[in-house]
Every structure is written in C-alpha cells, then in structure tokens.
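Student:
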Amino acid sequence: MPSTKAVDLAAHPLTAWQGPLGLPDFTRIGDGDFSPVFDAALKAHEAEIEAIAGNKDAPTIENTLAALELGGEALDRVSSIFWCRAGAYTNETIQALERDISPKMSRHFSAISMNERLFARIDALYQRRESLKLDAETLRVLEKTWKGFVRSGAKLDADGKKRLAKISEELSSLGTSFGQNVLADESDWAL
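Residue numbering for the sequence shown follows the working numbering, beginning at 36 and increasing consecutively.
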C-alpha cells in the first residue's frame with residue numbers, strides 16, 4: 036500500500052546515493068521504502084515528460100532529446116536497486132511489490148512513448164536531422180529514440196495505442212509471474 040507521507044527524492048537513500056563509492060546506503064533501505072519512492076519517482080518523471088512535451092519553444096536537441104535522456108534519474112535509481120534486489124535477494128514482500136510495480140512501469144513507459152506532443156517534438160528533430168549537422172553520437176541517439184517511439188506505438192491510431200499499451204502491460208505482468216514461478220520452483224528443488 037502506497038504511503039501518504041511525502042517522499043523527498045533528493046534525500047531518500049534509494050534515490051540520493053551517498054554511500055561509499057557513490058553507491059546507495061543499503062543499511063538505510065527497507066522493503067517498505069520501495070513503493071512510496073516508486074510512486075514519487077513516477078510522478079516526478081511524468082512532470083519532467085510533461086515539461087518537455089509542453090515546451091512552447093521550437094524543439095532542439097537540448098530542450099527535447101537531451102532533456103528526455105537526462106530525465107527520470109530518480110526512477111532510474113530506484114528501479115536499478117529494486118530490480119537487482121528482486122532478482123538476487125528477494126522475499127514475499129519484494130515479490131508482491133514486483134507484481135504491483137511491473138504493470139505500473141509498463142503503463143508509465145507506454146504513456147511516454149505514445150505521448151503525441153512529445154513524439155511530435157522528436158519527429159520534428161528527426162525530420163531535420165540532416166540539416167542539424169549533428170555529430171555521430173547525437174545522430175545515433177536521435178535515430179534510436181525516434182525508432183524506439185515508433186516501435187512502441189507512437190504512430191498508431193488511438194485504438195492501436197490503447198491495444199498495444201494493454202498488451203505491453205499484460206506481457207509485463209505475465210513476465211513477472213513467470214519469473215517468480217521459476218524462482219519458486221528452483222527454490223524448492225534439491226539434489
């Protein structure tokens with residue numbers, strides 16, 4: 036159950052990595068921390084995406100592509116810790132969270148890749164890519180981003196987007212269930 040207490044993403048050990056070697060301070064992270072931090076990080080990332088998509092300035096590499104690449108740091112951090120924990124040192128609480136978080140993440144990223152205003156900005160850059168005289172690395176990031184959006188449904192009609200998002204969410208849930216079933220089966224096995 037998500038906490039109603041506000042999460043300070045700038046100070047929480049799941050997102051503010053201030054431990055040795057710039058790693059998280061794992062001694063301050065408990066199973067109950069993940070859900071509220073995920074919720075706060077998802078909300079923060081949604082706000083970052085909305086700021087990019089709603090930008091009134093003409094799309095540039097800096098205000099669109101770079102902003103998209105740099106956004107979602109808190110979500111990236113909590114996700115990396117959670118998925119490592121879920122795969123390497125899990126328990127019933129983490130597995131329940133995994134079943135909850137997996138479809139949330141799928142819905143979140145489907146909404147981003149199907150955001151028409153955001154894709155219009157990326158597409159505008161992609162259509163002008165030759166005249167922008169980009170270095171090879173930036174051009175590659177632009178091409179991969181554009182293709183990723185297209186392959187994730189950005190050019191589908193409304194019904195197609197809805198159907199693809201539902202399929203992605205179901206695949207996410209099924210993948211989580213399958214992984215947990217395999218883990219449970221292997222945990223019970225002995226020579």
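Here a beta-carbon is modelled for each residue, glycine too, at the ideal position from N, C-alpha and C.
Values in this document were obtained by computation on a predicted structure and should not be read as measured data.
Using the Cβ count rule (16 or more neighbours within 10 Å means buried), how would you classify F73?
Tutor: buried
Student: Can you tell me which of the three DSSP states K196 falls into?
Tutor: helix
Student: Under 7 Å Cβ to Cβ from A82, same chain only, skipping five residues before and after it: list those, please.
Tutor: none
Student: Three Cβ pairs or more, each shorter than 8 Å: is that satisfied between the region 207-224 and the region 123-143?
Tutor: In this structure the region 207-224 touches the region 123-143; the number of beta carbon pairs closer than 8 Å is three or more.
Student: Check whether the region 161-176 and the region 95-114 touch, using three or more Cβ-Cβ pairs below 8 Å as the test.
Tutor: yes
Student: Going by the CB atoms, is the gap between L153 and L103 shorter than 9 Å?
Tutor: Closer than 9 Å, so yes.
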